[in-house]
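J.: The sequence shown begins at 0 in numbering that gives the first Met the number 0 and counts up by one.
Glycine included, every Cβ here is placed at the ideal spot set by N, Cα and C.
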Amino acid sequence: MGLILGIDTSNYTTSFALAKDGRIICNLKEPVFVAEGQRGTRQSDAVFSHIKNIPVLSERIREYTRGEELKAVAVSVSPRDADGSYMPCFLSGVSAACAISSVNNVPMYKFSHQRGHIYAALYSAGKTELYKDRFIAFHVSGGTTEALLVDGNKIKLIGGTKDLTAGQLIDRSGVYMGLSFPCGKEIEKMAKNTVPPKVKISVDGAYCNMSGAENKVKQMIEGSEDRSRIAAYVIEFVRANLEAITKNLIAQYGELPLVFSGGVMSCLSIKKYFEENYGAYFADPEFSADNGAGIALLGELEYNKDGGR
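Here it is as structure tokens:
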């Protein structure tokens, strides 16, 4: 079996990964440039960053491809498995994948960024067998906070946030406190061993509102609240909302396996809580944040399904 190249160009990271025989043999990433003090990047700037990053990753990946045959290319083409789901940043990866596929005369497989996240989490947790079964997947990142019912090839949106995503709340809170974007790691570090203030959440069924917490953070900063307590408040607010949604989904769908993916789910305290209290499955940070690994592995599944042609 040769190599399957996976390419993912999200709004935050340019990612190349190689899969072989059901294993990831490399998982390379370059961040999208974000100007100092900004809370994200425009799509046009993300596309430009990907165009600059793709040659860098192409050079880095060469050491893993020597003596190996490329069998297929897989690429993320949209944010979600939904009609009309579109972001220009994914065109960067599609263009690169088309060129590689054509030059090497190998097939190209297309997936959503979201599906790649889910499969990377299953792979990291050692639970890829769940992919054919029914389970609840949370995709919690800068661009998305959604609960999904995964049933074979079908992915159905069943919950999430109605306004601000968890990642946006974390990053905006961090930028307000003078941290550099993205702020997740620093927020988690600041919050460690700190008892958070009491949080108030707004959850209706499996949907929540998070924008009120952004105003609360601003008030705490203006009131000279200790930065570690503000960070702890943000982490606890996210955790509390996810737990409320989880409880309501369990009541509705039964105790299906729970799989958490997305960059926000790199937070170790949230991971520990849901593992201990709900037996949930999480990816290691390398496979939880944006990556091309899930895309590469999905490409290998499709290649094998096609009979290795």
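Any idea which residues DSSP pairs residue 6 with across the strands?
T.: Taking the first residue of the sequence shown as 1, we reach residue 6 at position 7. The partner list for residue 6 (beta bridge, DSSP) reads 15, 74.
J.: For residue 107, which beta-bridge partners are listed by DSSP?
T.: What you label residue 107 is simply residue 108 of the sequence shown in a count that begins at 1. For residue 107, which the question treats as bridged, DSSP gives the partners 72.
J.: Quick one: what's got a C-beta closer than 7 Å to residue 115's C-beta in the same chain, skipping five residues either side?
T.: Here residue 115 refers to the residue found at position 116 when the sequence shown is read from its first residue. Setting aside the 5 residues that flank it on each side, residue 115 is surrounded in the same chain by 7, 75, 293, 294, 297, each with a C-beta closer than 7 Å to its C-beta; the list follows chain order.
J.: Can you give me the C-alpha to C-alpha distance between residue 20 and residue 150, rounded to a whole angstrom?
T.: The residue given as residue 20 occupies position 21 in the sequence shown. The residue given as residue 150 occupies position 151 in the sequence shown. Spanning the two alpha carbons is a distance of roughly 24 Å.
J.: Can you give the Cα-Cα distance for residue 286 and residue 12, rounded to whole angstroms?
T.: Residue numbering aside, residue 286 sits at position 287 when the sequence shown is read from its first letter. Residue numbering aside, residue 12 sits at position 13 when the sequence shown is read from its first letter. Spanning the two alpha carbons is a distance of roughly 13 Å.
J.: Just to confirm, is the Cβ distance from residue 10 to residue 88 under 7 Å?
T.: Within the sequence shown, residue 10 is the residue found at index 11, counting from 1. Within the sequence shown, residue 88 is the residue found at index 89, counting from 1. A contact, by the Cβ cut-off of 7 Å.
J.: Among 133, 35, 47, 164, which has the Cα closest to the Cα of residue 237?
T.: Translated into the one-based positions of the sequence shown, residue 237 becomes position 238. If we check each option's Cα against that of residue 237, 164 comes out closest.
J.: Taking contact to mean at least 3 C-beta pairs separated by less than 8 Å, is the segment 171 to 182 in contact with the segment 130 to 138?
T.: no
J.: Using CA coordinates, which residue listed in 173, 204, 201 is at the minimum distance from residue 189?
T.: Taking the first residue of the sequence shown as 1, we reach residue 189 at position 190. For the residues 173, 204, 201, the minimum Cα distance to residue 189 belongs to 173.
J.: Since residue 192 is in the alpha helix (DSSP H), which residue starts that stretch and which ends it?
T.: Taking the sequence shown and counting its residues from 1, the one referred to as residue 192 is at position 193. Unbroken run through residue 192: none, as it is neither H nor E.
J.: Looking at the unbroken beta strand (DSSP E) that takes in residue 41, where does it start and where does it end?
T.: If you number the sequence shown from 1, residue 41 lands on position 42. Looking at the DSSP string, residue 41 is not in any beta strand (DSSP E), and its letter there is neither H nor E.
J.: Taking the Cβ atom as the reference point for each residue, do residue 279 and residue 257 lie within a distance shorter than 7 Å?
T.: Translated into positions along the sequence shown, residue 279 becomes position 280. Translated into positions along the sequence shown, residue 257 becomes position 258. Yes. Within cutoff.
J.: Would you list, in sequence order, the uninterrupted beta strand (DSSP E) runs of no fewer than 3 residues that lie entirely inside the segment 206 to 272?
T.: Secondary structure within the segment 206 to 272: the beta strand (DSSP E) runs of 3 or more consecutive residues, fully enclosed, are 206 to 208, 257 to 260 (chain order).
J.: Can the beta-carbon of residue 15 be found closer than 7 Å to that of residue 60?
T.: To locate residue 15, count along the sequence shown from 1; it is residue 16. To locate residue 60, count along the sequence shown from 1; it is residue 61. Yes, the pair counts as a contact, with Cβ atoms nearer than the cut-off.
J.: Determine which residues share a DSSP beta bridge with residue 154 and list them.
T.: Counted from its first residue, the sequence shown places residue 154 at position 155. Answer is 149, bridged to residue 154.
J.: Does DSSP put residue 139 in a helix, a strand or coil?
T.: On the sequence shown, residue 139 is found 140 positions in, with the first residue counted as 1. In the structure shown, residue 139 sits in a strand (DSSP, three-state: E or B).
J.: For residue 220, which of 176, 276, 246 has the nearest alpha-carbon?
T.: Your numbering for residue 220 matches position 221 in the sequence shown. Here the closest residue by C-alpha is 176.
J.: Ordered along the chain, which non-local residues of its own chain (more than five positions away) have a Cβ less than 7 Å from that of residue 63?
T.: Here residue 63 is taken as the residue at index 64 of the sequence shown, counted from 1. Counting only Cβ-Cβ distances below 7 Å, and skipping sequence neighbours, we find 17, 24, 25.
J.: Using only alpha-carbon positions, find the residue among 49, 211, 0, 241 that is nearest to residue 269.
T.: In the sequence shown, residue 269 corresponds to position 270, counting from 1. Ranking the options by Cα distance to residue 269, first place goes to 241.
J.: Indicate the three-state DSSP secondary structure (helix, strand or coil) for residue 79 in the structure shown.
T.: The residue labelled residue 79 in the question sits at position 80 within the sequence shown. DSSP places residue 79 in coil when its eight states are reduced to three.
J.: Can you tell me where the beta strand (DSSP E) holding residue 202 begins and where it ends?
T.: Stepping through the sequence shown from its first residue, residue 202 is reached at position 203. From DSSP, the beta strand (DSSP E) with residue 202 extends over 201 to 203.
J.: Throw me the rounded Cβ distance for the residue 96 and residue 107 pair, which I believe falls under 8 Å.
T.: The residue you call residue 96 lines up with position 97 of the sequence shown. The residue you call residue 107 lines up with position 108 of the sequence shown. At roughly 6 Å, the Cβ-Cβ gap stays under 8 Å, so residue 96 and residue 107 are in contact.
J.: May I have the straight-line CA-CA distance separating residue 185 from residue 283, to the nearest angstrom?
T.: Here the question's residue 185 lines up with position 186 in the sequence shown. Here the question's residue 283 lines up with position 284 in the sequence shown. Distance between the alpha carbons of residue 185 and residue 283: 18 Å.
J.: Is residue 144 helix, strand or coil by DSSP?
T.: Taking the sequence shown and counting its residues from 1, the one referred to as residue 144 is at position 145. Strand at residue 144.
J.: Identify every residue that forms a DSSP beta bridge with residue 23.
T.: Counted from its first residue, the sequence shown places residue 23 at position 24. 18, per the DSSP bridge assignment.
J.: Quick check on DSSP: helix, strand or coil for residue 278?
T.: Mapped onto the sequence shown, residue 278 falls at position 279. Three-state result, residue 278: coil.
J.: Determine the direct distance from the alpha carbon of residue 70 to that of residue 217, and round the result to whole angstroms.
T.: As a working note, residue 217 is residue 218 in the sequence shown. As a working note, residue 70 is residue 71 in the sequence shown. Using only the alpha carbons, I get a separation of about 52 Å.
J.: Do you know offhand how far residue 273's Cα is from residue 154's?
T.: Within the sequence shown, residue 273 is the residue found at index 274, counting from 1. Within the sequence shown, residue 154 is the residue found at index 155, counting from 1. Each residue's Cα considered, the two are about 22 Å apart.
J.: For residue 30, does the three-state DSSP call read helix, strand or coil?
T.: Indexing the sequence shown from 1 puts residue 30 at position 31. Three-state result, residue 30: strand.
J.: Which same chain residues, not among the five before or five after residue 239, have their C-beta less than 6 Å away from its C-beta?
T.: Within the sequence shown, residue 239 is the residue found at index 240, counting from 1. For residue 239, where only same-chain residues beyond five positions count, the Cβ hits under 6 Å are 198, 200.
J.: Decide if residue 223 is buried, meaning its Cβ has at least 16 other Cβ atoms within 10 Å, or exposed.
T.: Stepping through the sequence shown from its first residue, residue 223 is reached at position 224. So residue 223 counts as exposed.
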